[in-house]
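Taking this note's numbering, the leading residue of the sequence shown gets 1485, the next gets one more, and so forth.
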Amino acid sequence: MIIKKAVYKTSVVEKGKLLQDDIPEFAFVGRSNVGKSSLINMLVGQKRLAKASSTPGLTKMVNYFDINDTFRFVDLPGYGYAKVGKNQLDVWAGLMGEYLLGSQSLDTVFVLLDIRQVPSELDKSMLEFLIFNQIPFMVLATKSDKLSKSKQIQQRKIIAKTLCIREELIILTSAEKQIGKEKVLEYIENKVEVN
Ligand SMILES: Nc1nc2c(ncn2[C@@H]2O[C@H](COP(=O)(O)OP(=O)(O)O)[C@@H](O)[C@H]2O)c(=O)[nH]1
Ligand SMILES: [Mg+2]
């Protein structure tokens, strides 16, 4: 699939205001700084559609992008900054939880993980949440350019094991080196076709 058109639609900061249109949505979640904005930009072939920020975790909003007039990318708030621990539940009580449980058009959640790191407790609870709620997901391991090929394969095994998922659910990506673009777009194309 070729992305011919990708435009910013809107941002939502308040609960109750999320879009409910009949357009399939592919959402991106992950820890702040994991490379979410960079990956969205890489997929659509634009430098700054989703802003890559160097001050992570400041804005808690849901950003929508219309792609090829057929589906949407949804950039969800980054999690895991500052107050973890007793406020961990706030993650699910906030906009992200409302989106994940309430969006009628959600097709798949792309969970981004830094390929160099063992998934955090929050990453694990995100996966458990998606599985428990039967929300389809794929794991995108980001920044794979930072590791050698053999290290990438090794890390992918570790991530799969930590999350108790099959390795095939993990796509290796790099926004820097344009890795994984075809695989992700092919996945989306197949999902949009059957809908
Ligand atoms: N080497 C490398 N750096 C990346 C890659 N993707 C993102 N980064 C860097 O990681 C930082 C966070 O990226 P950003 O897209 O803003 O992350 P977000 O907070 O998840 O949206 C930035 O400094 C990016 O330049 C990648 O594929 N390779
Ligand atoms: Mg970002």
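For every residue, glycine included, the Cβ atom is placed at its ideal position computed from N, Cα and C. Source: prediction; values computed, not measured.
Among the options, nearest to residue i - alpha-carbon criterion
i: residue 1662; options: 1497, 1554, 1523 and 1551; result: 1523
i: residue 1582; options: 1497, 1654 and 1620; result: 1497
i: residue 1621; options: 1491, 1531, 1509 and 1500; result: 1509
i: residue 1588; options: 1648, 1635 and 1556; result: 1556
i: residue 1640; options: 1603, 1673, 1616 and 1619; result: 1603
i: residue 1516; options: 1558, 1610, 1562 and 1590; result: 1562
Whole-number beta carbon distance between residue j and residue i, since they are thought to touch under 8 Å
i: residue 1614; j: residue 1527; result: Going by Cβ atoms, the distance from residue 1614 to residue 1527 rounds to 20 Å, so no, they are not a contact pair.
i: residue 1645; j: residue 1655; result: Contact flag wrong, Cβ pair sits at about 17 Å.
i: residue 1586; j: residue 1502; result: 7 Å
i: residue 1596; j: residue 1518; result: 5 Å
i: residue 1580; j: residue 1560; result: 5 Å
C-alpha gap between residue i and residue j, whole angstroms
i: residue 1652; j: residue 1600; result: 18 Å
i: residue 1553; j: residue 1546; result: 19 Å
i: residue 1637; j: residue 1677; result: 31 Å
i: residue 1550; j: residue 1489; result: 8 Å
i: residue 1671; j: residue 1511; result: 13 Å
i: residue 1520; j: residue 1513; result: 7 Å
i: residue 1605; j: residue 1493; result: 32 Å
i: residue 1660; j: residue 1633; result: 15 Å
i: residue 1607; j: residue 1486; result: 30 Å
i: residue 1548; j: residue 1533; result: 11 Å
i: residue 1495; j: residue 1626; result: 24 Å
i: residue 1507; j: residue 1648; result: 31 Å
i: residue 1504; j: residue 1491; result: 18 Å
i: residue 1500; j: residue 1619; result: 20 Å
i: residue 1642; j: residue 1623; result: 13 Å
Would you mind listing the beta strand (DSSP E) stretches within the region 1575 to 1653 that are 3+ residues and don't spill past its ends, in chain order?
Correct list: 1590 to 1598 and 1621 to 1626.
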